[in-house]
Amino acid sequence: MPSRGKGDPSYRNTYDKDGVTETVELAAPLERSDANQYTSISEGVRLDSSGPGAQKQVRKMQSKQSMQWPFHRRMASESPSSVMTSHMRRPSSGWNNLKSFFKAEEDTVSLSSKPLVPDYVVHYLRGETPETLAQKREQRLWGERRTNVTPQRERFMSQHIEIEDPWASRTKLNIDGNGYANEDPQRGMGRFFAGWKGGATCNVILAFTLLVISVVCLILAISRQVVSGETVIFSGSCDTATNINTGVHAAINVLAVILLVGSNYVFQILSSPTRLELASAHNKKQWLDIGIPSLRNLFHVSGLRTALVALALLSAVTTQIIYNAVIFTSPTGFKSEVIVVTSDFVTGAPFANGTEFNRADISRTDILSLQNDASAGKLTDLATVPCLQQVGGTFDTTFDALILVTKLSSARSSVIQTGMTGDMFKLNSMSSVAISVPVDEAVVDRCLAREGLAQTCKVGVSTLLLGIVGVLHLITLFSMAAVLTWRNFEPLVSVGDAIRSFMRNPDPTTASACFLDKNDVGDSRWGFNEAKYFTPTDHFWFFTPSIKRWVLTIVSWIMITAPTAAAVALIIEHEPTGALTPLGTPTPYTTFLLGDANTPPLTHTQATILASLPQLLVGILYFTTNSLLTTYWLSHELSFFAVGPQPLRVSSDPVGYQTTSLYLTLPRPVSWALYVLFAGISFVLSQAVFPAIVSTGPGRTATADNELVGVGFSTLGLMVLLALLVVLILGVLALGLRRAPAATYANGTSKGNPLALRGGACSAALSAKCHPAPGEPERSWRCPLAYGVVVDAVGAQQVGHCAFSGVSVGAVDAAKIYA
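Heads up, the sequence shown is in the UniProt record's numbering, so the first residue is 1 and it goes up one at a time.
Rendered as structure tokens:
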């Protein structure tokens, strides 16, 4: 390359076939009086002209040329960049241009030994650039690595590049700068619809929809000028009212359980530790749960996340209770007049109306009306036992007056005594045999009944509770949406997240203990680096959850099952007819009053909330059951790595062969089945235990003057609820009888699995299995992984090692020891 100056030496650049500078030769000494040093424009070449007879300097170029060919004036983009990923030529300055003016032209010998057209000109005419040539050269060097070079010219000169976080669960930038395109975190709106963020986004959308629905219902209720009281949305036929109540409660419980499921989803995300939190716990020899919702982890994560978990869970369970208390039915009924008379009363015998014979203070006109109807045969003649059953109930829905004709005689009055149903008489009305029953030392011989007015029902809605539901929806929405606003939050949600993190950065606290399990950690053997044998035994899913988790699940199941079974037994035993009472409908013998009928101690709102409190037990049972089933499938997913290579299923930013999904650990079909079952349990419970608000009036009065406020039970609903609870526990136990997939061992047998979890999830036990062999490829965690022997034990005294690996692994030998 001739110099632009005269009298100065020439340079000769030699290029290889890819356009990369090989050498720069100094053809003649540089004659200059000063002793300044000059730096060549070519990268990495420095000339020293401090004295005559300068030595020829030759240097192999270590990198490719700049991003432009030598005859291009613009050397690189002027856009700023915080990190450069390739070697760039030093930009030319005015002083360098001035130095080049004094360089001598090449001699004829040097020129004759070079081609007339330089290689870089030929490459330029072919449409090649230094970038494309470099890509081809890298591909030839990498060979079979299946690595692709992604052009970054449009990006690296104008974007900041994130440096790799050693504690992250994914790679942001490769060490050598040659990263995969999908190895960068997903950006834009797409990141909110994949992995755990996608699931959280779906739950946020559902919570927002429910918030809008509750606000609309509240506005409609307020538009009826009912701000803090109750509004009647229907009044009329009891059949229609029952259908409305049943349909609304079905929809309410479907929506309430959706919030319960969504809160549990966010609970697992927020309680999942980051790698830094995990490292902090392991340094203290404390283990955490991985891949399951965990109350234990809340003591090791930030206080903000713990507070959000508390808000999400409490708001979801409270919403389920309040939701079921928002709407209720109020049927009309009768406090029937009961008159005990002698046999000649029906023939028109006189009677006294004093307090001695008329404790209920029934008017003489009503008694005369009943006597005339009895004499005219207008009353219904009932059998003794059914009649006494009507007398013993808290209210009556058919008859408004009963005449008990006894075998007694009285010279003073044909009326012996009066009263109201459920108030005066202590009857042996539960007998199923038609025998005489004593009533105030009298013997009933006959029973006459007068039918009352047709029963009507109202469907009411509490505006106050609707407002509370809206506030709870807002709290739930906030607790769910908050997690989506944390850009740098990278929890180890799934078992794949944990394996990926431990493979990239092995945990030094669990080194040389590949068979460390939860029992060893509990027995304080963590850190002893003990070598162990593996004994192949069948692993049933039943052994996967810890004893504490089993106890919590069984106790939460008994808390709702035992009262249900007791209520069924008690009510059926004392139900006079022995028939199953309908869903959501109060009956005289299955309604328990909460105070005196004239002065009820509880308002309608208080009674509906009290009747809905058992929904709290349903919420607790869902959380414990979901956690136990999640432990089942956590072990199941992990066990398959001992059977053969499996791609990691991560919760965010998959790379290589890794996959991701919206579900965290529990597969979607299982989650949906659990949701349907608990939605059914919640709905049936709302119809089995419900508020009983009965408007009553004596005799033939059209306007009710009293209300009976209590809690009603449905024997049919209680039996269906009991059946669903039995199905739930039998399903959990039946799944516990499944075996973990069997791994193949060195002796050819297939029994047991070295990765099957016993006693629940344990971060220390998992990290102990993620210490790759020294020769493991650097990024093997991006490939399908298998668990097995990576360092074989040779000889009786040698200790082998098992770990996850992206290359072939050996079968575990029960006769050898591993650490």
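Ideal Cβ placement from N, Cα and C applies to all residues, glycine included.
These figures come from a predicted structure and were not determined experimentally.
Residue environment, residue i, which counts as buried when at least 16 other CB atoms sit within 10 Å
i: PRO151; result: The pLDDT assigned to PRO151 is 45, lower than 50, so where the model puts this residue is not dependable, and the model offers no usable value.
i: ILE571; result: buried
i: THR659; result: exposed
i: residue 820; result: No statement about residue 820 is possible, as the shown extent of the chain runs from 1 to 819 and does not include it.
i: LEU260; result: buried
i: ALA566; result: exposed
i: ALA383; result: exposed
i: PHE678; result: buried
i: PRO508; result: exposed
i: ILE219; result: exposed
i: LEU270; result: buried
i: VAL676; result: exposed
i: SER635; result: buried
i: ALA688; result: buried
i: VAL732; result: buried
i: GLN798; result: exposed
Neighbourhood of residue i by C-beta distance below 6 angstroms, restricted to the same chain and skipping five residues each side
i: PRO52; result: Note on PRO52: pLDDT 39, under 50, position unreliable in the model; the coordinate value appears next. For PRO52, where only same-chain residues beyond five positions count, there are no Cβ hits under 6 angstroms.
i: ILE327; result: VAL248, VAL461
i: residue 834; result: Residue 834 falls outside the range modelled here, since the chain spans only 1 to 819, and no answer is possible.
i: ALA325; result: LEU465, THR608, ILE609, SER612
i: ALA746; result: ALA811, ASP813
i: VAL254; result: ALA679
i: VAL684; result: GLY717, VAL720, LEU721
i: LYS532; result: PHE515
i: LEU580; result: THR715, LEU716
Sequence-distant residues of the same chain with beta carbon closer than 8 angstroms to residue i, five excluded per side
i: LEU484; result: PHE192, LYS197, ALA200, THR201, VAL204
i: LEU98; result: In this prediction, LEU98 scores a pLDDT of 44, lower than 50, which makes its location untrustworthy; no coordinate-derived value is stated.
i: SER281; result: It should be noted that the sequence gives Ala, not Ser, for residue 281. The residues are PRO273, TRP287, LEU288, HIS300, SER763.
i: THR347; result: SER375
i: VAL807; result: GLU776, PRO777, SER780
i: PRO667; result: TRP633
Integer Cβ distance of residue i from residue j, believed to fall under 8 angstroms
i: ALA786; j: PHE641; result: 6 angstroms
i: ALA256; j: SER682; result: 6 angstroms
i: PRO545; j: GLY291; result: With a Cβ gap of about 13 angstroms, PRO545 and GLY291 do not count as contacting.
i: ALA307; j: MET480; result: In fact, because the Cβ distance is near 14 angstroms, the residues do not count as touching under 8 angstroms.
i: VAL469; j: THR319; result: 6 angstroms
i: LYS284; j: GLY527; result: In fact, because the Cβ distance is near 11 angstroms, the residues do not count as touching under 8 angstroms.
i: PHE540; j: GLY236; result: Not a contact, Cβ separation roughly 57 angstroms.
i: LEU725; j: THR625; result: At roughly 11 angstroms, the Cβ-Cβ gap does not stay under 8 angstroms, so LEU725 and THR625 are not in contact.
i: VAL655; j: ARG782; result: 5 angstroms
i: ARG649; j: GLY496; result: 4 angstroms
Cβ-Cβ distance between residue i and residue j below 8 angstroms
i: ASP396; j: PHE334; result: yes
i: THR329; j: LYS458; result: yes
i: LYS751; j: ASP538; result: yes
i: LEU379; j: ALA449; result: yes
i: VAL317; j: PHE267; result: no
i: ALA513; j: GLU530; result: yes
i: PHE351; j: VAL444; result: no
i: LEU616; j: VAL711; result: no
i: ILE233; j: THR463; result: no
i: ILE560; j: PRO614; result: yes
i: ARG305; j: PHE543; result: no
i: CYS387; j: LEU408; result: no
i: VAL338; j: GLY452; result: no
i: LEU766; j: ALA498; result: yes
i: SER639; j: ASN753; result: yes
i: CYS447; j: LEU477; result: no
Residues near residue i in its chain [Cβ-Cβ closer than 7 angstroms; skip 5 each side]
i: VAL568; result: THR715, LEU718, MET719, LEU722
i: ASN245; result: ILE327, THR329, VAL459, GLY584
i: ILE693; result: PHE328, SER330, HIS604, ALA607, GLU707, VAL709
i: HIS801; result: CYS514, ALA773, VAL790, VAL791, TYR818, ALA819
i: SER627; result: ILE292, PRO293, ARG549
i: PHE592; result: GLY710, VAL711
i: LEU621; result: SER556, TRP557, ILE560
i: ILE258; result: LEU206
Worksheet item: Unbroken beta strand (DSSP E) runs of length 3 or more, entirely within the segment 204 to 287: which are they?
Response: Counting only runs of 3 or more, we get 230 to 236.
Worksheet item: Considering only residues of the segment 345 to 430, which uninterrupted beta strand (DSSP E) runs meet the minimum length of 3 residues and lie entirely inside it, listed in chain order?
Response: 380 to 382, 399 to 406, 415 to 420
Item to complete: Run through the segment 466 to 523 for me and flag every whole alpha helix (DSSP H) of 4 or more residues, listed as ranges in chain order.
Response: 495 to 504, 518 to 522
Discussion item. Please give me, in chain order, every unbroken run of the alpha helix (DSSP H) with length at least 4 that falls completely inside the segment 539 to 606.
Written reply: 547 to 574
Item to complete: Could you pull out every unbroken beta strand (DSSP E) segment of at least 3 residues lying fully inside the segment 644 to 714, listed in chain order?
Response: Counting only runs of 3 or more, we get 689 to 697, 706 to 713.
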